[in-house]
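> Numbered by this note's numbering, the letters in the sequence shown go through residues 4 to 83 in order.
Note that the Cβ used here is the ideal one computed from N, Cα and C, for glycine as well.
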Amino acid sequence: MAESTIQQQPLTGWDKPELDLSNAEWHSTSRGLGDVQIAFVEGFIAMRNSGRPHSPSLIFTPAEWGAFVSGAREGEFDLT
Numbered sequence: 004m005a006e007s008t009i010q011q012q013p014l015t016g017w018d019k020p021e022l023d024l025s026n027a028e029w030h031s032t033s034r035g036l037g038d039v040q041i042a043f044v045e046g047f048i049a050m051r052n053s054g055r056p057h058s059p060s061l062i063f064t065p066a067e068w069g070a071f072v073s074g075a076r077e078g079e080f081d082l083t
């Protein structure tokens, strides 16, 4: 992940910077089976719907992304 050029301080809620995603390098799932793509930009993680790439992207801090990935691995979001 690239080093951030933005001064890091605790971010809460929607208190995140506007990131320029126009040159982001988007990555799909390894199997190419999902609609989700992610990009690492200025120390943040952006996630978008690959079927609608011009729609708004979600922006995660590294801590938020870590919590999301851990929850997914533990089945937190599985349909029962």
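Output the boundary residues of the beta strand (DSSP E) element that contains Ala27.
Bounds of any beta strand (DSSP E) do not take in Ala27, whose DSSP letter is neither H nor E.
> Please list the terminal residues of the continuous alpha helix (DSSP H) segment that includes Phe71.
65-76
> With the cut-off set at 9 Å, would you say Pro60 and Ala49 are in Cβ contact?
Contrary to the premise, residue 60 reads as Ser rather than Pro in this sequence. Cβ distance < 9 Å, so Ser60 and Ala49 count as in contact.
> Please work out which residues of its chain come closer than 7 Å, Cβ to Cβ, to Ser7, disregarding the five sequence neighbours upstream and downstream, and give them in chain order.
With a pLDDT of only 49 at Ser7, under 50, the local geometry of the prediction cannot be trusted, and the value read off the model is given with reservation. Glu45, Gly46.
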